[in-house]
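With the sequence shown counted from 1, adding 36 to any position gets you my numbering. Written below as structure tokens is the structure these notes are about.
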Amino acid sequence: MNYTNRRSIRSYRKDPIDEQHLSAILRGALRASNTGNMQTWSVVVTRDPAKKAALAPCHFGQPMVEAAPVVLTFCLDYNRLEKWCQASGAQGVHYDSLMAVYVATIDTIIAAQNAAVAAEDLGLGICFLGTAVYNMQGIIDILKLPRGVVPVTTITMGWPDQLPPLTERLPLEALVHQEEYCERSPEEVRALYRDIEANPANQAFVRENSKEALAQVFCEVRYSPESYRQFSAKMLEALRAQGFAV
Numbered sequence: 037m038n039y040t041n042r043r044s045i046r047s048y049r050k051d052p053i054d055e056q057h058l059s060a061i062l063r064g065a066l067r068a069s070n071t072g073n074m075q076t077w078s079v080v081v082t083r084d085p086a087k088k089a090a091l092a093p094c095h096f097g098q099p100m101v102e103a104a105p106v107v108l109t110f111c112l113d114y115n116r117l118e119k120w121c122q123a124s125g126a127q128g129v130h131y132d133s134l135m136a137v138y139v140a141t142i143d144t145i146i147a148a149q150n151a152a153v154a155a156e157d158l159g160l161g162i163c164f165l166g167t168a169v170y171n172m173q174g175i176i177d178i179l180k181l182p183r184g185v186v187p188v189t190t191i192t193m194g195w196p197d198q199l200p201p202l203t204e205r206l207p208l209e210a211l212v213h214q215e216e217y218c219e220r221s222p223e224e225v226r227a228l229y230r231d232i233e234a235n236p237a238n239q240a241f242v243r244e245n246s247k248e249a250l251a252q253v254f255c256e257v258r259y260s261p262e263s264y265r266q267f268s269a270k271m272l273e274a275l276r277a278q279g280f281a282v
């Protein structure tokens with residue numbers, strides 16, 4: 037696949053994903069790089085329509101959750117590792133550090149990305165849902181996640197029903213730094229966003245939200261400080277309920 041042309045797919049045909057394809061995708065995830073080969077992640081495969089319907093509100097009703105033939109919920113998982121350590125007479129795994137959560141989160145995301153790449157190589161379309169961390173407790177309850185397991189990200193996947201246009205991206209020089217980080221002035225940064233701000237869809241987005249600039253929509257409407265504080269509190273509550281001392 038030419039990854040300079042990849043895009044998120046949110047509309048799928050009703051055709052199922054057969055076991056051979058799904059197994060190849062999950063085996064791709066299994067081979068993901070991870071810390072110390074501890075593999076502190078698990079994935080829950082959801083195909084049952086009733087279960088997808090239950091999950092949909094946790095993702096703010098995004099239609100692809102119910103429309104996709106397969107929904108993958110990737111979770112950081114210390115439950116399995118802790119039980120292995122206990123059964124082997126080793127000192128138990130501790131969740132009482134930011135490092136434990138951070139390391140397992142990174143490894144879970146890498147595994148999810150491996151699955152996404154494997155799926156796209158087979159011609160499937162995928163969409164990452166960051167909403168998995170917005171409503172952790174709801175997903176924990178629906179998927180019956182035990183102590184030491186929390187959702188990190190969700191992927192919907194299926195055969196593309198349509199090929200949407202590419203969404204705009206920043207120019208490469210905005211993201212890539214050679215040898216040292218190149219800190220730019222606010223004016224230089226604004227110039228990097230010029231093409232994105234000029235996009236007609238984004239300009240309409242600004243008008244619809246009664247704002248003067250696209251950045252205001254992101255900072256004041258979509259991802260406001262207040263909403264982030266509220267979701268952070270819910271996230272901490274869910275993590276602590278699952279045994280993480282953070």
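Glycine residues also receive a C-beta, built at the ideal position from the N, C-alpha and C atoms.
Cβ-based burial, residue 244 [other Cβ within 10 Å; buried from 16]: Counting from 1 along the sequence shown, the entry for residue 244 is found at position 208. So residue 244 counts as exposed.
Boundaries (first-last residue) of the alpha helix (DSSP H) holding residue 222: The residue you call residue 222 lines up with position 186 of the sequence shown. Residues 222-228.
Alpha carbon of residue 195 to alpha carbon of residue 126, nearest angstrom: To locate residue 195, count along the sequence shown from 1; it is residue 159. To locate residue 126, count along the sequence shown from 1; it is residue 90. Straight-line Cα distance between these residues: approximately 45 Å.
6 Å CB neighbourhood of residue 190 in its chain, flanking five on each side removed: The residue you call residue 190 lines up with position 154 of the sequence shown. Within the same chain, 109, 165 and 168 come within 6 Å of residue 190 by CB-CB distance, once the 5 residues on both sides are set aside.
Expected contact under 8 Å - CB spacing of residue 4 and residue 275 to nearest Å: Absent from the model: residue 4. The displayed extent of the chain is 37 to 282, so no value can be given.
Residue environment, residue 46, which counts as buried when at least 16 other CB atoms sit within 10 Å: Within the sequence shown, residue 46 is the residue found at index 10, counting from 1. Buried, since its Cβ has 16 or more Cβ neighbours within 10 Å.
When 200, 201, 145 and 101 are compared against residue 175, the one with the closest alpha-carbon: As a position in the sequence shown, residue 175 is number 139, starting the count at 1. Measuring from the Cα of residue 175, the nearest candidate turns out to be 101.
Rounded separation between residue 184 and residue 122 - CA only: Sequence index remark: in the sequence shown, residue 184 carries index 148 (1-based). Sequence index remark: in the sequence shown, residue 122 carries index 86 (1-based). Roughly 14 Å separates the two Cα atoms.
Helix, strand or coil at residue 259 [DSSP, three-state]: Position 223 of the sequence shown holds residue 259. Coil.
Nearest residue (CA-CA) to residue 94, options 267, 152 and 272: Within the sequence shown, the letter at position 58 stands for residue 94. Looking at the Cα atoms, 267 is the closest of the given residues.
Cβ pair residue 147, residue 65 closer than 7 Å: What you label residue 147 is simply residue 111 of the sequence shown in a count that begins at 1. What you label residue 65 is simply residue 29 of the sequence shown in a count that begins at 1. Taking 7 Å as the cut-off, the Cβ atoms of residue 147 and residue 65 count as close.
Continuous beta strand (DSSP E) stretch holding residue 208: start and end: Against the sequence shown, residue 208 aligns to sequence position 172. Looking at the DSSP string, residue 208 is not in any beta strand (DSSP E); the run it does join, the alpha helix (DSSP H), is 208-211.
Opening and closing residue of the alpha helix (DSSP H) in which residue 172 lies: By one-based count along the sequence shown, residue 172 stands at place 136. That run of the alpha helix (DSSP H) goes 172-179.
Same chain only: Cβ atoms within 8 Å of residue 178, ignoring 5 sequence neighbours per side: By 1-based counting over the sequence shown, the position of residue 178 is 142. Taken in chain order, the residues that qualify are 87, 90, 91 and 94.
Top-ranked residue by Cα proximity to residue 188, from 171, 59, 131 and 53: Position 152 of the sequence shown, counting from 1, holds the residue named residue 188. When each option's Cα is compared against that of residue 188, the closest is 171.
Buried versus exposed, by CB contacts within 10 Å (16 or more), residue 80: Residue mapping note: residue 80 aligns to position 44 of the sequence shown, counting from 1. Looking at its Cβ environment, which holds 16 or more other Cβ atoms inside 10 Å, residue 80 is buried.
Closest by C-alpha distance to residue 180, when choosing among 217, 136, 150 and 115: Indexing the sequence shown from 1 puts residue 180 at position 144. Taking residue 180 as reference, the option from 217, 136, 150 and 115 with the minimal CA-CA separation is 115.
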